[in-house]
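> Can you read through this structure? Questions will come right after.
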Amino acid sequence: MTIKVSACIPVIPSRDVQASLLFYQTHLGFQDPFTWGENPVEYGGVSWDGLRLHFYLEPNPQICRSYVFRLEVDEVDLLYVACEAAGIVHPNGRLENKPWATREFTLLDPSGVAIRVYQELRV
99 MTIKVSACIP VIPSRDVQAS LLFYQTHLGF QDPFTWGENP VEYGGVSWDG
149 LRLHFYLEPN PQICRSYVFR LEVDEVDLLY VACEAAGIVH PNGRLENKPW
199 ATREFTLLDP SGVAIRVYQE LRV
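Shown next, in the form of structure tokens:
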């Protein structure tokens, strides 16, 4: 049996789903937000060029701070400059070349979720 996978959508913990959606739209260029639930919003999502992220309301801040995902981009240096100016780069996540042939840095979203933004280096 062969099954085609058409998407993989991370479901990310958020202390405030509305704030998360705004953050990902403002700083990373995601669009088309949707939400479910009211006072507070319990679930939502954004998309960007076929990539989708979903968020669920998580009251435990430790769970949010324990979540990490990677985001591959084509202009990591440009995005780093913008994120550094916005004050959202992780204190220990400055832009650098890694031994595994990527150039990367780490962001923190409003809930403390770490986003490792990277670009593959041409070897």
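Heads up, the sequence shown is in my numbering, so the first residue is 99 and it goes up one at a time. Just so you know, even glycine gets a beta-carbon here, dropped at the ideal spot from N, CA and C.
How many angstroms separate the CA atom of Glu182 from the CA atom of Ser104?
Start at 1 with the first residue of the sequence shown, and residue 182 comes out as number 84. Start at 1 with the first residue of the sequence shown, and residue 104 comes out as number 6. Straight-line Cα distance between these residues: approximately 34 Å.
> Do you know how far the Cα of Asn137 is from the Cα of Leu206?
Working through the sequence shown from its first residue, we reach residue 206 at position 108. Working through the sequence shown from its first residue, we reach residue 137 at position 39. Approximately 24 Å, taken between the alpha carbons.
> Distance check for Val115 and Cys106, CA to CA, integer angstroms please.
Residue 106 sits at position 8 when you count from the first residue of the sequence shown. Residue 115 sits at position 17 when you count from the first residue of the sequence shown. Distance between the alpha carbons of Cys106 and Val115 is about 20 Å.
> Taking the alpha carbon of Glu218 as the reference point, which residue from Ala184, Arg168, Gly127, Phe121 has its own alpha carbon closest?
Mapped onto the sequence shown, residue 218 falls at position 120. Checking every option, the nearest Cα to that of Glu218 belongs to Arg168.
> Just verifying my parser: in three-state terms, what is the DSSP assignment at Thr239?
Here the chain covers residues 99 to 221 and nothing more, so residue 239 does not appear.
> Taking the alpha carbon of Ile110 as the reference point, which residue from Val187, Gly148, Gly185, Asn158 has its own alpha carbon closest?
The residue given as residue 110 occupies position 12 in the sequence shown. When only C-alpha atoms are compared, the closest one is Asn158.
> Would the region 141-148 and the region 190-198 be scored as touching if the rule is three or more Cβ pairs under 8 Å?
Judged by Cβ distances under 8 Å, the region 141-148 makes no contact with the region 190-198, as fewer than three pairs qualify.
> Rank Cys162, Tyr122, Ile101, Asn190 by C-alpha distance to the C-alpha of Ser145 and give the top, closest one.
By one-based count along the sequence shown, residue 145 stands at place 47. Comparing Cα positions, the closest option is Tyr122.
> Note the first and the last residue of the continuous beta strand (DSSP E) segment covering Leu205.
Locating residue 205 in the sequence shown gives position 107, counting from the first residue. Where Leu205 is concerned, the enclosing beta strand (DSSP E) stretches over 200-206.
> Please go through the same chain and pick out, in chain order, the residues whose beta-carbon is closer than 8 Å to the beta-carbon of His188, but skip the five residues on each side of it.
Numbered from its first residue, the sequence shown carries residue 188 at position 90. Cβ within range, chain order: Phe203, Thr204, Leu205, Leu206, Ala212.
> Quick check for students: name the residue ranges of the beta strand (DSSP E) that lie wholly in the region 146-216, counting only runs of 3 or more.
Listed in chain order, the complete beta strand (DSSP E) runs (minimum 3 residues) inside the region 146-216 are 149-155, 166-170, 194-196, 200-206.
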